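Engineer:
2 protein chains.
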Amino acid sequence: MSNTAVRYLTMLRMVPRFPKSITTTELAERLEDHGFSVTMRSIQRDLEKLSTDFPLLVDENKRPFQWSFDREAAMDIIPALDLPAALTFELARAYLSPMLPPRALSHLKPHFDEAHRTLLRDKNPLGQWPSRVRVINRGLGGQRPGIDADVLETVTEALLREYQCKLTYQARNWPQPEDIVVHPFGLIFRDPNVYLIGTIEGREGIRQLVLHRATTGELIEEPVERPDDFDLDLYIRSGAMGILRSDEPVFLRLRCDKPVLNHLIESPLGFDQLTHDIDDNTFEISVTVGDTQDLRWWLTAQAMHCDILEPAWLRDDIEATLELGLKRIRRAPLSRST
Amino acid sequence: MSNTAVRYLTMLRMVPRFPKSITTTELAERLEDHGFSVTMRSIQRDLEKLSTDFPLLVDENKRPFQWSFDREAAMDIIPALDLPAALTFELARAYLSPMLPPRALSHLKPHFDEAHRTLLRDKNPLGQWPSRVRVINRGLGGQRPGIDADVLETVTEALLREYQCKLTYQARNWPQPEDIVVHPFGLIFRDPNVYLIGTIEGREGIRQLVLHRATTGELIEEPVERPDDFDLDLYIRSGAMGILRSDEPVFLRLRCDKPVLNHLIESPLGFDQLTHDIDDNTFEISVTVGDTQDLRWWLTAQAMHCDILEPAWLRDDIEATLELGLKRIRRAPLSRST
DNA sequence: CTGTGTTGCGACATAAATTGACGGCTTGCT
DNA sequence: AGCAAGCCGTCAATTTATGTCGCAACACAG
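Taken in order, these protein sequences are the chains called A and U. Going by my numbering, the first sequence runs without a break in its numbering and finishes at 584. Going by my numbering, the second sequence runs without a break in its numbering and finishes at 584.
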C-alpha cells in the first residue's frame, strides 16, 4: 500500500488532543522511528492537507508550530462501530456515570459521543432509541465527590511514570490545606471514593489520600521512593482499607425461601455454587464467596428470608448485628424529637 | 487532501467486523453516496492494498467476494489514546466486567485491548501498571447469568430497528422451551439480569422475558405492534419490576454515629443532603432519596450505627425486618443439620 | 542590536501513484 | 449452453507525492 496513506494515519495518531501539542520536528523524529523517512517539508504539507479533513488545530504563534487534535472532536474508529457495539457503549456510560469521577469520564466522552451518533444516525430513523433501554443501578445512588480536574490527571500520570507529585491537600483532621509532596504507590477506586496510597515526603508511614480532598496537583519529575516489597494487594488485604475482614474466602451455606430468593439460583454468587431443592418452598445453596462488607449487609437484610447454615461464626455475626440494630431502633429517638 | 487517503479511511470504516461482510459492489454504492465515484476496479485494488496494512479478511468462495474486518483486531483510534484516557478505559473494564453480560462486553473488547496496549507500551517501560491500580467492586460479586451470543444481538437490533424477533424461550413455569415471536418494547438492565419487555405474539399482556432464558434468537423483519401510549419509564414506575416500592422520593433523616458513617458526609446520598453535627460522636443528615430495595438493605444493616428519625414508617419497616430476621436466625437449624 | 540557527513556505522537476478502460477468464444461475 | 456479474492483468494518461532549493520570518543568545 502506498505508504503515504499509512503515514497519514500514523501521523494522525501521533497528534495529541488539544491541551497537548506536537511540532513538525517531533513528528519527523517519531515518524522516523516508525520507519517513515520523509522531509520536514512533506510533514508540513501533510499536516495542512490533513487539516482539511480532520479537526486539527495549529497554534502558529509559537514558532515551531504547535499542532493538536480538537479536544472534543469525535473519535474515528476503524472499523466503524456496529449497532450492538454502540449500544454497549451506551450501556457502559449508563453504568459508569454514577461510578467514576466526572473528570475520568470526560476522557471517554468522545468515544461515547461516537457511539451515540452511530445509534442515532445509522439505522434508527426515529431517533427513539433512548426511550427503549433503561439501566437500573444498584446502590444508594449517592453522589460521587468531585475530584479536581488536574488532580486525577496528575496523580495517574505520576503513578504510571513513577514520579512524585505535589498536591494541595487537607486531611479531615488538618486545620487547613497544605502543600505536600507525595510518593504515589497505588490508586484504589472504591465505590464512592478514590484513594491514593503512598507516602508524604518528610512524614512517616504509608498514607491514604482521598483524592477529592486535594485541590491542586502538579507532577514532579523525580523518581518515587518506594519500598521494594510494597504490594498493593497485600496492602489491601492487610485490612488497611477496612474492607475485607479477612483474605479467606467464606464457604457459605444458605437455606433460602423460594419465591423471594429465586434470583440466587439464576445469578449464582460464585462459580462453585451448588443448589438443591429441599421442598416446594425452600432450597439450599452452597458457595464460596469473598468475606466482604456488602455480603454482611446483604445477609443482614435477608435474614428474614434465609437461614445461614454455615459458617456458624458468620451467623453469629449477623445475629449480633440484628440484635444491636433492633435494640437501637427500639429505643430510638422519637421522630419529632430534634 | 488527496481524496485517495480519505477514501481509504472511509472504506475501512465501511468494512464490518467479521461475522458480517461487505462486497465490492456494496462498497461502490456506499462510496458513491459519500461522494467518491470510482471504478469497481479501483475498489478491488484498494482492498488488496489495504489488506497488507490492516487485518482484512476475504472470503473468496462466495463470488462477490466477502470482505470483513478481523473480529478481534485492535481498533485504531484517531487520535491515539493518551495515558489518562487509556487508564479510564481500564477502570471502565474493571467496573463493567461484573456488571455487563459477557457477550455485551465482547463488543468493547477491542477497545479495552487498545487501551491496555497503550498503557503497556507507551511510557511505562516497566509494565508495572497493573500492580498500581485496584478497583474494589461493590455488590456480592455474583456471576452474571450467561446470555446467548445471538440472543442479545438479535434483541438489540430488533429493538433499535423496531422489528419483531423470534426467540426460543423457556419461562420458569413452562414445561419446555417454546419458539415465540416477540414484539419488543424495551430492554432493562438491572444488575444481575437483562429483561426484555414486550408482548408475545398470540398472547395477552406485556411480558418480561429474562434474556438468559432464551437460547436462540432471530430477527423478523416485520414492524413491531406497540400501543402508542407505552412508556418504558411509566412501566418501570408502575412497579412491574418490583423495584421501587413507590415513585415517591423519601425524605430521610438519620442520626449517625460518627466514626462509622463518616463517609456519608463526604459522599452524600443525594443532591440536597444537609449535615449537621450534634456532638463529637454524632451527626444528623437529612436528604431526599429514592425508595429502593437497596436503601432498605443498607438501612437494615446500618441500624446499629444510626437512628432513622424520619420517616417513621420506614423506621417501622426496618424494625419489622430486623425483628423477623432475628426471630428467624434464633430458631435457625443447627449448622450441621443437613 | 545583531548574528545564527531553526522553521515555514513557495516553486519546480522528478519519481511514484492512482485511475479508468479494455479484455480475458472464472463462477454461479437459469 | 448461455448469460450476467465479478475478478484480475495490463497499459497509458493523469494526478500526486516528494526532495530540493531559495527566501523570509522568527527565536534566541550574546
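The beta-carbon is built from N, C-alpha and C at its ideal position, and this holds for glycine as well. Note that the coordinates shown come from a computational prediction; the quantities given were computed from them, not determined experimentally.
Checking 7 angstroms against the spacing of the C-beta atoms, do A:Ala547 and U:Ala547 come in under that value?
Structural biologist: The residue labelled residue 547 of chain A in the question sits at position 301 within the first sequence. The residue labelled residue 547 of chain U in the question sits at position 301 within the second sequence. Taking 7 angstroms as the cut-off, the Cβ atoms of A:Ala547 and U:Ala547 count as close.
Engineer: For U:Thr285, I'd like the list of residues in its chain whose CB is within less than 7 angstroms of its CB, leaving aside the five on either flank, ordered along the chain.
Structural biologist: Numbered from its first residue, the second sequence carries residue 285 of chain U at position 39. Cβ within range, chain order: n/a, list empty.
Engineer: Does any C-beta atom of chain A lie closer than 7 angstroms to the C-beta of U:Tyr481?
Structural biologist: Mapped onto the second sequence, residue 481 of chain U falls at position 235. Output row for U:Tyr481: interface = no.
Engineer: According to DSSP, is U:Asp299 helix, strand or coil?
Structural biologist: Along the second sequence, read from residue 1 onward, the residue named residue 299 of chain U stands at position 53. Helix, per DSSP.
Engineer: Excluding five sequence neighbours on each side, which residues of the same chain lie with their C-beta closer than 8 angstroms to the C-beta of U:Asn249?
Structural biologist: Residue numbering aside, residue 249 of chain U sits at position 3 when the second sequence is read from its first letter. Cβ neighbours of U:Asn249 beyond the five flanking positions: Phe282.
Engineer: To the nearest angstrom, how far is the alpha carbon of A:Gln422 from that of A:Arg483?
Structural biologist: Indexing the first sequence from 1 puts residue 422 of chain A at position 176. Indexing the first sequence from 1 puts residue 483 of chain A at position 237. Rounded to whole angstroms, A:Gln422 to A:Arg483 spans 32 angstroms at the Cα level.
Engineer: In the DSSP assignment, the alpha helix (DSSP H) including U:Glu408 goes from what residue to what residue?
Structural biologist: For the purposes of this step, residue 408 of chain U is identified with residue 162 of the second sequence, where counting begins at 1. First-last for U:Glu408: undefined, no H or E at that position.
Engineer: Suppose only complete runs of 4+ residues qualify. What are the alpha helix (DSSP H) ranges in the stretch 478–525 of chain A, listed by chain order?
Structural biologist: 478–481, 504–507 and 509–512
Engineer: Could you check whether the Cβ of A:Leu442 sits closer than 6 angstroms to any heavy atom belonging to the ligand FMN?
Structural biologist: Questions concerning the ligand FMN fall outside what the structure shown contains, since it holds no ligand whatsoever.
Engineer: Since A:Leu478 meets chain U, which of its residues come closer than 9 angstroms, beta carbon to beta carbon?
Structural biologist: In the first sequence, the residue the question calls residue 478 of chain A occupies position 232. Chain U residues near A:Leu478: Ser377, Arg378, Val379 and Arg380.
Engineer: Measuring only the C-alpha atoms, how far is A:Ser581 from U:Ile564?
Structural biologist: As a working mapping, residue 581 of chain A is identified with position 335 in the first sequence. As a working mapping, residue 564 of chain U is identified with position 318 in the second sequence. Confidence at A:Ser581 is low in this model, with a pLDDT of 48, below 50, so the placement of that residue should be treated as unreliable; the coordinate-derived value is given next. Distance between the alpha carbons of A:Ser581 and U:Ile564 is about 14 angstroms.
Engineer: Taking Cβ-Cβ distances below 8 angstroms as the criterion, which residues of the stretch 249–267 of chain A are in contact with chain U?
Structural biologist: Thr250, Ala251, Val252, Tyr254, Leu255, Leu258, Arg259, Met260, Val261, Pro262, Arg263 and Lys266
Engineer: At 9 angstroms on the CB atoms, spell out the chain U contacts of A:Thr461, in chain order.
Structural biologist: The count along the first sequence starts at 1 and reaches residue 461 of chain A at position 215. Within chain U, no residue comes near A:Thr461; the closest Cβ sits about 15 angstroms away, beyond 9 angstroms.
Engineer: Residues of chain U with CB closer than 7 angstroms to the CB of A:Ile434, please, in chain order.
Structural biologist: As a working note, residue 434 of chain A is residue 188 in the first sequence. Neighbours of A:Ile434 on chain U, chain order: Arg380 and Ile382.
Engineer: Using three-state DSSP, classify A:His280 as helix, strand or coil.
Structural biologist: Here residue 280 of chain A refers to the residue found at position 34 when the first sequence is read from its first residue. Three-state result, A:His280: coil.
Engineer: If contact means a Cβ-Cβ distance below 8 angstroms, which residues of the stretch 319–345 of chain A contact chain U?
Structural biologist: Met321, Asp322, Ile323, Ile324, Pro325, Ala326, Asp328, Leu329, Pro330, Ala331, Leu333, Thr334, Phe335, Leu337, Ala338, Ala340, Tyr341, Leu342 and Met345
Engineer: Can you give me the C-alpha to C-alpha distance between A:Gln290 and A:Ile324, rounded to a whole angstrom?
Structural biologist: For the purposes of this step, residue 290 of chain A is identified with residue 44 of the first sequence, where counting begins at 1. For the purposes of this step, residue 324 of chain A is identified with residue 78 of the first sequence, where counting begins at 1. Taking the straight line from one Cα to the other gives about 25 angstroms.
Engineer: On the DSSP letters alone, give me the boundaries of the alpha helix (DSSP H) that A:Gln416 sits inside.
Structural biologist: Position 170 of the first sequence holds residue 416 of chain A. It is not in any alpha helix (DSSP H) - A:Gln416 carries neither H nor E in the DSSP assignment.
Engineer: If you check the beta carbons only, do A:Gly432 and U:Arg561 fall under 7 angstroms apart?
Structural biologist: Counting from 1 along the first sequence, the entry for residue 432 of chain A is found at position 186. Counting from 1 along the second sequence, the entry for residue 561 of chain U is found at position 315. No, the Cβ-Cβ distance between A:Gly432 and U:Arg561 is not below 7 angstroms.
Engineer: Using a Cβ cut-off of 8 angstroms, which residues of the stretch 431–456 of chain A contact any Cβ in chain U, in chain order?
Structural biologist: For the stretch 431–456 of chain A, the beta-carbon criterion of a distance under 8 angstroms to any beta-carbon of chain U is satisfied by Phe431, Gly432, Leu433, Ile434, Phe435, Arg436, Asp437, Pro438, Asn439 and Val456.
Engineer: Against chain A, with Cβ distances strictly below 7 angstroms, would U:Ile575 count as a contact?
Structural biologist: Start at 1 with the first residue of the second sequence, and residue 575 of chain U comes out as number 329. Answer yes: the Cβ-Cβ gap between U:Ile575 and chain A drops below 7 angstroms somewhere.
Engineer: Have a look at A:Val470 and U:Leu413 and give me their C-alpha separation to the nearest angstrom.
Structural biologist: On the first sequence, position 224 is the one that residue 470 of chain A refers to. On the second sequence, position 167 is the one that residue 413 of chain U refers to. Going from the Cα of A:Val470 to the Cα of U:Leu413 covers about 57 angstroms.
Engineer: Determine the burial state of A:Glu494: buried for a count of at least 16 other Cβ atoms within 10 Å of its Cβ, exposed for fewer.
Structural biologist: Locating residue 494 of chain A in the first sequence gives position 248, where the first residue counts as 1. With fewer than 16 Cβ atoms within 10 Å of its Cβ, A:Glu494 is classed as exposed.
Engineer: Between U:Asp192 and A:Ile446, what straight-line distance do the alpha-carbon atoms span, to the nearest angstrom?
Structural biologist: Outside the displayed range of chain U (247 to 584) lies residue 192 of chain U, so it cannot be described from this structure.
Engineer: Examine chain U for any beta-carbon lying closer than 7 angstroms to the beta-carbon of A:Glu360, and answer yes or no.
Structural biologist: In the first sequence, the residue the question calls residue 360 of chain A occupies position 114. So no, A:Glu360 is outside the interface.
Engineer: Using a C-beta to C-beta distance shorter than 9 angstroms, which residues of chain U count as neighbours of A:Leu405?
Structural biologist: Here residue 405 of chain A is taken as the residue at index 159 of the first sequence, counted from 1. Those are Leu333, Trp375, Arg378 and Val379, listed as they occur along chain U.
Engineer: Contact criterion: CB-CB distance below 7 angstroms. Does U:Asp299 meet it with respect to chain A?
Structural biologist: As a position in the second sequence, residue 299 of chain U is number 53, starting the count at 1. It does; some Cβ of chain A falls within 7 angstroms.
Engineer: Can you give the Cα-Cα distance for U:Lys266 and U:Lys355, rounded to whole angstroms?
Structural biologist: The residue given as residue 266 of chain U occupies position 20 in the second sequence. The residue given as residue 355 of chain U occupies position 109 in the second sequence. Looking at the two C-alpha atoms, the distance is approximately 17 angstroms.
Engineer: For U:Thr584, does the count of other Cβ atoms within 10 angstroms reach 16, so buried, or fall short, so exposed?
Structural biologist: For the purposes of this step, residue 584 of chain U is identified with residue 338 of the second sequence, where counting begins at 1. Unreliable placement is indicated for U:Thr584, whose pLDDT of 41 sits below 50; the coordinate value is still reported in the next sentence. By the 10 Å Cβ count, U:Thr584 comes out exposed.
Engineer: At what residues does the alpha helix (DSSP H) containing U:Ala326 begin and finish?
Structural biologist: Taking the first residue of the second sequence as position 1, residue 326 of chain U is located at position 80. That residue, U:Ala326, is in no alpha helix (DSSP H); it is neither H nor E in DSSP.
Engineer: Report the CB separation of A:Leu303 from A:Asp316 in whole angstroms; it is logged as a contact under 8 angstroms.
Structural biologist: Mapped onto the first sequence, residue 303 of chain A falls at position 57. Mapped onto the first sequence, residue 316 of chain A falls at position 70. Rounded, the Cβ-Cβ distance is 6 angstroms, consistent with contact.
Engineer: Taking all protein chains shown into account, do 16 or more other C-beta atoms lie within 10 angstroms of the C-beta of U:Thr538, making it buried, or fewer, making it exposed?
Structural biologist: As a first step, residue 538 of chain U is located in the second sequence; it is residue number 292 there, counting from the start. Looking at its Cβ environment, which holds 16 or more other Cβ atoms inside 10 Å, U:Thr538 is buried.
Engineer: Can you look up A:Pro348 in the DSSP assignment and give me helix, strand or coil?
Structural biologist: Position 102 of the first sequence, counting from 1, holds the residue named residue 348 of chain A. A:Pro348: helix per DSSP, three-state reduction.
Engineer: Classify U:Glu272 as helix, strand or coil using the three-state DSSP reduction.
Structural biologist: Within the second sequence, numbered from 1, the residue matching residue 272 of chain U stands at position 26. Of the three classes helix, strand and coil, the one that applies to U:Glu272 here is helix, per DSSP.
Engineer: Indicate the three-state DSSP secondary structure (helix, strand or coil) for A:Asp305 in the structure shown.
Structural biologist: For this step, residue 305 of chain A is matched to residue 59 along the first sequence. Residue state, collapsed to three classes: strand.
Engineer: When we look at the beta-carbon of U:Arg263 and count the other beta-carbons within 10 Å, is it buried (16 or more) or exposed?
Structural biologist: Taking the first residue of the second sequence as 1, we reach residue 263 of chain U at position 17. By the 10 Å Cβ count, U:Arg263 comes out buried.
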